[in-house]
Amino acid sequence: MFKPKPKPLARLHFFFAREAPVGVIFREGPRKRIRLILWHTDTDTFELGHWFLGQLQFQDLSPDGKLLIYAAYKWHQKQENGYSDAWVAISKPPYLTALALWPMSWGRWGGAFLDNQTVELTGSLSVWSESHPNHPLPPWLTIKKQLISEQSPSSPSDWQPVVGGSEYLYAPYEKPLQGTQGRFILRCQARQSRSPLYTLYDSFEQTSQNLEAEQAEVDSQGRLILTRDGKLFVATLHDDGSLMTTELADFNDMVFEAIPPPEWAIKW
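In terms of this note's numbering, the sequence shown is numbered consecutively and its last residue is 273.
Now the structure itself:
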């Protein structure tokens, strides 16, 4: 008897602003479709935004959570009028409408907010492109540029290398959980061609438990947040180290749709 294939599950990657209760979720699937979702972590409410067909990489959120830097790739797209099939842009999440845009060629490019009015663009190219004239920069925004080498190491934001950990590729990183007096530590170990391994380390008992999460992070309230199978969870940690997870949202049941950006998302 014919059995229909199970519907593929979404994958979630989320990122938090440094100084505001705001997060951005990149919901992936099916195939190369990605949707942006704005997450208000103080109320656990969500705003659904743009879909994107291609490869989309998060770069940074402004400290106040109002602006997003991302890198985008659309292979074999026509390169005309100063545009290319790859670019770095600044937008207002959860929308991707480029307020500022820098066409890319080869090399590794990216950007980060030094503060709410200063952006540092980094790249491995010796020659930088200028911002596209159709996306003029506001006078209050300062752009700084810095070259990086292909060998420059990258580490998760606000995570620290594990003391005594490997100095080579895929070295583990960690951060303590708030309110546990340093007992419980969240650890992240990158793995080749697989999702990172997230574990919870008990420094008193010197034991670790696998969180079985695609991503684990601590939000602005100090909560442990996990993603698994297209769902978002908050994990409550008990004194004995056991975890109780509560589902915040299930983002699997979504179908691609073209959404025009609101007026506030198309201007500085």
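The beta carbon of each residue, even a glycine, is placed where N, CA and C say it ideally should be.
Along the stretch 180–250, the beta strand (DSSP E) occurs as fully enclosed runs of 3 or more residues at 189–196, 199–207, 212–215, 220–223, 229–233, 236–242, listed in sequence order. Taking each of Glu268, Arg233, Lys10, Ala270 in turn and checking the Cα distance to Arg32, the smallest one comes out for Arg233. Pairing Ile39 with Phe21 gives a Cβ-Cβ distance that is not under 7 Å.
Beta-bridge partners assigned by DSSP to Lys10: none are found.
Remark: three or more beta-carbon pairs, one from each stretch, lie closer than 8 Å, so the stretch 66–77 and the stretch 88–97 are flagged as touching. Using a Cβ distance threshold of 7 Å, Trp273 and Leu41 do not count as a contacting pair.
As the crow flies, the alpha-carbon of Gly54 is around 8 Å from that of Leu101. Its Cα nearest to that of Ile148, the residue Thr123 stands out among Thr123, Thr48, Thr50.
Assignment of Ala270 by DSSP, reduced to helix, strand and coil, places it in the helix class. DSSP places His45 within a strand segment (E or B) once states are collapsed to three. Annotated as distal: Gly28 and Thr48, with beta-carbon spacing of 7 Å or more.
Exclusion of the five residues before and after Thr204 leaves Arg192, Ser213, Gln214, Asn215, Leu216 as the residues of its chain whose Cβ lies within less than 7 Å of its Cβ. In this structure, the straight-line span from the alpha carbon of Gly59 to that of Pro35 is close to 11 Å. Around the Cβ of Gly87, a 10 Å sphere holds fewer than 16 other Cβ atoms; the residue is exposed. The stretch 18–78 is shown to contain whole beta strand (DSSP E) runs of 3 or more residues at 27–33, 38–45, 50–58, 60–66, 73–78, in chain order. In the three-state scheme derived from DSSP, where H, G and I count as helix and E and B as strand, Ala15 is classed as coil. In this structure, Glu125 lies away from Pro68, with their beta-carbon atoms at least 7 Å apart.
Around the beta carbon of Pro11, fewer than 16 other beta carbons lie within 10 angstroms, which makes this residue exposed. Closest in C-alpha terms to Lys236, from the list Arg196, Glu210, Leu253, Pro177, comes Leu253. Cβ neighbours of Phe238 within its own chain (closer than 6 Å, five residues either side excluded): Leu231, Thr250, Glu252.
For Leu61 and Glu222, the gap between their C-alpha atoms comes out near 20 Å. Under a 10 Å Cβ-count criterion, Leu43 is classified as buried, with 16 or more other Cβ atoms of the shown protein chains found around its own Cβ. For Phe19, same chain residues with a beta-carbon under 8 Å away, outside a window of 5 residues either side, are Gly28, Val29, Ile30, Phe31, Trp44, Gln220, Glu222, Ile230, Thr232, Leu237 in chain order. Listed in chain order, the non-local C-beta contacts of Pro98 below 7 Å within the same chain comprise Val29, Leu41, Leu43, Gly54, Leu73, local neighbours out to five positions each way being set aside. If you ignore the 5 residues before and after Leu17, its C-beta comes within less than 8 Å of the C-beta of Ile30, Phe31, Arg32, Glu33, Glu219, Gln220, Thr232, Gly235, Lys236, Leu237, Phe256, all in its own chain and listed in chain order.
Annotated three-state conformation of Lys150 is strand, per DSSP. A direct Cα-Cα distance of roughly 9 Å separates Arg188 from Gln211.
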